[in-house]
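Encoded as structure tokens, the structure appears first; notes follow it.
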Amino acid sequence: MQNNDKNTFKISILYGFIIFIILIFLLRVLYISTHKPSHFLSLKWSHTDLAIRGKIISKDDYIIAQNKKIFSVAIIPKYINPNKKDLLINLLSIYTNKPKSYFKKVLNTNKRVIILKNIPYNIKKNLVYLSNVLTLKKVFLENKVKKITYGLDIFEEPSIRYYPFKDRFEPILGYARYDRNHKKVGIGIEKYYDDILMPKQNGYIKGYRDIKNRIIYDNSAIIKHRIDGKDLHLNINLVLQGKIENILDTLKPQMKAQELLSVVMESKTGKIIAIATSNRYNPMHIRKKDIPNLKTSHIQYSYEPGSVMKPITLALLLDKKKVNILEVLNAHNGVFHFKRHFTIYDDEPFKWLNVIQAIIHSSNIVFAQLGLRLTPQEFRNGLLKFGLYQKSGIDLPYEYRGILFSEKGFLSETHRASNAFGYALQVNLIQLLKAYNSFNNNGIMITPKIANKYGKIKLSTIKKQIISPAIAQTILNILRKVVLKGTAINTNIPGLFIAGKTGTAKINKNGKYVKGLYNSSFIGFVNDKTHKYTIATLAIKPDKKRYFASQTAVVVFRNIVETMIEMNMLIPNK
Numbered sequence: 251m252q253n254n255d256k257n258t259f260k261i262s263i264l265y266g267f268i269i270f271i272i273l274i275f276l277l278r279v280l281y282i283s284t285h286k287p288s289h290f291l292s293l294k295w296s297h298t299d300l301a302i303r304g305k306i307i308s309k310d311d312y313i314i315a316q317n318k319k320i321f322s323v324a325i326i327p328k329y330i331n332p333n334k335k336d337l338l339i340n341l342l343s344i345y346t347n348k349p350k351s352y353f354k355k356v357l358n359t360n361k362r363v364i365i366l367k368n369i370p371y372n373i374k375k376n377l378v379y380l381s382n383v384l385t386l387k388k389v390f391l392e393n394k395v396k397k398i399t400y401g402l403d404i405f406e407e408p409s410i411r412y413y414p415f416k417d418r419f420e421p422i423l424g425y426a427r428y429d430r431n432h433k434k435v436g437i438g439i440e441k442y443y444d445d446i447l448m449p450k451q452n453g454y455i456k457g458y459r460d461i462k463n464r465i466i467y468d469n470s471a472i473i474k475h476r477i478d479g480k481d482l483h484l485n486i487n488l489v490l491q492g493k494i495e496n497i498l499d500t501l502k503p504q505m506k507a508q509e510l511l512s513v514v515m516e517s518k519t520g521k522i523i524a525i526a527t528s529n530r531y532n533p534m535h536i537r538k539k540d541i542p543n544l545k546t547s548h549i550q551y552s553y554e555p556g557s558v559m560k561p562i563t564l565a566l567l568l569d570k571k572k573v574n575i576l577e578v579l580n581a582h583n584g585v586f587h588f589k590r591h592f593t594i595y596d597d598e599p600f601k602w603l604n605v606i607q608a609i610i611h612s613s614n615i616v617f618a619q620l621g622l623r624l625t626p627q628e629f630r631n632g633l634l635k636f637g638l639y640q641k642s643g644i645d646l647p648y649e650y651r652g653i654l655f656s657e658k659g660f661l662s663e664t665h666r667a668s669n670a671f672g673y674a675l676q677v678n679l680i681q682l683l684k685a686y687n688s689f690n691n692n693g694i695m696i697t698p699k700i701a702n703k704y705g706k707i708k709l710s711t712i713k714k715q716i717i718s719p720a721i722a723q724t725i726l727n728i729l730r731k732v733v734l735k736g737t738a739i740n741t742n743i744p745g746l747f748i749a750g751k752t753g754t755a756k757i758n759k760n761g762k763y764v765k766g767l768y769n770s771s772f773i774g775f776v777n778d779k780t781h782k783y784t785i786a787t788l789a790i791k792p793d794k795k796r797y798f799a800s801q802t803a804v805v806v807f808r809n810i811v812e813t814m815i816e817m818n819m820l821i822p823n824k
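Going by the working numbering, the final residue of the sequence shown carries number 824, and the count climbs one at a time with no gaps.
This is how it looks when you write it as structure tokens:
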């Protein structure tokens, strides 16, 4: 009985002690919550997590543009423990791979100094760990007034845009940055999809921190999550893009051209899988000599297309039932005095040609006569229906829509005759690609698209029936003959359906055609059993001695097709 009383007494004392400790703790918490002393400010911590611009990703999953977070590090040297300054310098040198002499020099002051600028995330992560080590080793002294210990101040800088493939896919990809006046500038895909790519909301964290500078996620912590820009996924095959750029780089000096352009598009979908130029730049290091290359010539170089216009003229005539492809017309032996001051020439002299032969042998004379069968309104509206003198709708900024006479201008027979074989109007290469694609797509014109989706949202394109499937097939069959026995015979590859039209056009400067200056283009198609592609190539101002499209644009086209065969994107029927 006596032993039981002793045990009860001991338990009572123990419970009393525990209750006493709990009361002391609660009173302390209550005191802290109502009377926070000034030195508790040192425990508060806030951090802004800067949102970043979305990535741009190719069809074959290469990241071709992304933002990299960068950081800077500052120190107040007067708060470094003099006895441990050498330790600090040694550790900083080890963690950053910078010489000790550098840190000795920058730390030779009492004021706050930035010792490292624009360091990448991996080094920043290591320095955060080092900061904790330095705190534990008491390398930094406490500010006795504010009760704060100043250590490594690691802070985030605005991120930089990184282009890992340098000049690949330029100037189509473009760039996005802020200029010296903090004004946002950009071109290319970066500019066109800026609203989608741009960051939406910075993140923010505020609260108390522990001894290792880590945020304490309790009820008092304020957290706002960052919202980055959306990632943009392209239709571009970056491997094919690179191979085509290499082709253009090789052929440009051989052809002595000012610039070589090419575009490869899926005929059924309008997806651009490659769009290349010989004139590129590195968006991370733009030099003065690169300024002309900032221009996207595929949409910003307007030119008279020459004979590639003839199939479009023929399609308009067929649509209005104003021609029979087997009818024979006078070819005037290659010289046609159309008007008093306007004589039309053909490279090959023929006395008579039917319409199919006029396409195969590219007769300006025959098409000048055919063009007059269309009324001014039929001709102009027909060209507009094919997308000429209008922006193509491709997802690139600053497109030039070209030049086309007004309805009044089309009253002139000279103008209509010239338009029929590709003069007295100007187009860009993408407009021609879009117009021609209807011949390989059952008469359906489709808007070309470089981008496929952003986030989970798939981008749509516009389709429109502009000619009947029968007319499209007729034109396609005639263009096949151009490859089999006409000016594009060098594009023919057994086992593939290849068709297209060449165009070699003089360049007009200040109202006069300059001798020896030409633009040479080839717009064509290549199909196997499961794939259909439309490919446009253009040589701007090639060598005076080698300027025909059959010597320039056709060569580029064939090289592209052979590359696509090597990549199994085209499979010839054996």
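A virtual CB, placed ideally from N, CA and C, is assigned to each residue, including glycine. Since we're looking at a predicted model, the values are computed, not measured.
The segment 665–685 in contact with the segment 481–499 per 3-pair CB rule at 8 angstroms: No, the segment 665–685 does not touch the segment 481–499.
Exposure label - Ser771; buried when at least 16 CB within 10 Å: It counts as buried.
Three or more C-beta pairs below 8 angstroms linking the segment 592–605 and the segment 738–748: With the cut-off at 8 angstroms, the segment 592–605 and the segment 738–748 do not touch.
Check whether Asn451 and Arg411 have beta carbons under 8 angstroms apart: It is worth fixing the name first, because residue 451 is Gln in this sequence and not Asn. No, the Cβ-Cβ distance between Gln451 and Arg411 is not below 8 angstroms.
Spatial neighbours of Leu357 in its chain, beta-carbon cut-off 6 angstroms, leaving aside the 5 residues before and after: Excluding residues within five positions, the ones whose Cβ falls inside 6 angstroms are Pro327.
Inter-stretch contact at 8 angstroms, needing at least 3 Cβ pairs: the segment 791–805 / the segment 522–537: Segments in contact, no.
Bridge-paired residues (DSSP) for Thr593: Looking at the DSSP output, Thr593 shares a beta bridge with His587.
Best match in Asn669, His665, Asn690, Pro698 for proximity to Gln681 [C-alpha to C-alpha]: That would be Pro698, whose Cα lies nearest to the Cα of Gln681.
For Val805 and Pro822, the rounded distance between their alpha carbons: When the Cα atoms are used, Pro822 and Val805 turn out to be separated by approximately 19 angstroms.
Residue burial classification, Gly637 (beta-carbon count within 10 angstroms, cutoff 16): By the 10 Å Cβ count, Gly637 comes out buried.
Own chain, CB closer than 8 angstroms to Pro542, minus 5 neighbours either side, in chain order: Excluding positions up to five away in sequence, the list reads Asn529.
Spatial neighbours of Pro555 in its chain, beta-carbon cut-off 7 angstroms, leaving aside the 5 residues before and after: The answer, listed in chain order, is Gly672, Val677, Leu682, Gly753, Ala755, Ser771.
Separation of Phe415 from Ser381, as counted between CA atoms: Computed Cα separation, rounded: 35 angstroms.
Beta-carbon proximity of Lys570 to Leu624, cut-off 8 angstroms: Lys570 is a Cβ neighbour of Leu624, given a cutoff of 8 angstroms.
With 16 other Cβ atoms within 10 Å as the buried cut-off, status of Ser512: So Ser512 ends up on the buried side.
Arg808: first and last residue of the uninterrupted alpha helix (DSSP H) it sits in: From DSSP, the alpha helix (DSSP H) with Arg808 extends over 803–816.
Three-state class that DSSP yields for Tyr281 in the structure shown: Residue confidence for Tyr281 is low, a pLDDT of 46 falling below 50, so the modelled location carries little weight; the figure read from the coordinates is stated next. If DSSP states are grouped into helix, strand and coil, Tyr281 belongs with the helices.
Enclosing beta strand (DSSP E) for Met505 [first to last residue]: In the DSSP annotation of this structure, Met505 is not part of any beta strand (DSSP E); the continuous alpha helix (DSSP H) holding it starts and ends at 488–505.
Minimum C-alpha distance to Ile404 - residue among Ile344, Phe321, Tyr797, Thr346: The option with the nearest alpha carbon to Ile404 is Phe321.
Secondary structure of His611, DSSP reduced to three states: Coil, per DSSP.
C-alpha gap between Thr737 and Leu788, whole angstroms: The straight-line gap from Cα to Cα measures roughly 15 angstroms.
Three or more C-beta pairs below 8 angstroms linking the segment 611–626 and the segment 658–673: By the Cβ test, the segment 611–626 is in contact with the segment 658–673, since at least three Cβ pairs between them sit closer than 8 angstroms.
Identified DSSP bridge partners for Val776: Val776 is bridged by DSSP to Ile748, Tyr783.
Per-residue DSSP class, three states only, for Phe270: Phe270: helix per DSSP, three-state reduction.
Identity of the residues DSSP links to Glu663 by a beta bridge: Note: Glu663 sits in no beta bridge, so no partner.
Per DSSP, cross-strand counterpart(s) of Lys699: Paired residues: Lys521.
Boundaries of the alpha helix (DSSP H) in which Leu729 is found, first to last residue: First-last of the alpha helix (DSSP H) with Leu729: 719–735.
Between the CA atoms of Ile549 and Asp540 - distance to the nearest angstrom: Looking at the two C-alpha atoms, the distance is approximately 18 angstroms.
Segments of 3+ residues assigned as beta strand (DSSP E) that fall wholly inside the segment 361–393: Listed in chain order, they are 363–370.
Straight-line gap, Leu564 to Ala301 (C-alpha atoms, nearest Å): When rounded, the distance between both Cα atoms is 55 angstroms.
Inter-residue Cα distance where the pair is Tyr650 and Pro349: Rounded to whole angstroms, Tyr650 and Pro349 show a C-alpha spacing of 54 angstroms.
Spatial distance of His611 from Val732 (CA atoms): Roughly 8 angstroms between the two C-alpha positions.
Three-way DSSP call (helix, strand, coil) for Tyr686 in this model: Annotated three-state conformation of Tyr686 is helix, per DSSP.
Gln715 to Leu820 span [Cα, whole Å]: Distance between the alpha carbons of Gln715 and Leu820 is about 27 angstroms.
Unbroken alpha helix (DSSP H) run spanning His548, endpoints: In the DSSP assignment, His548 falls within the unbroken alpha helix (DSSP H) covering 547–550.
CA-to-CA distance, Ala526 to Ile494, given in whole angstroms: If you take the alpha carbons of Ile494 and Ala526, they lie about 7 angstroms apart.
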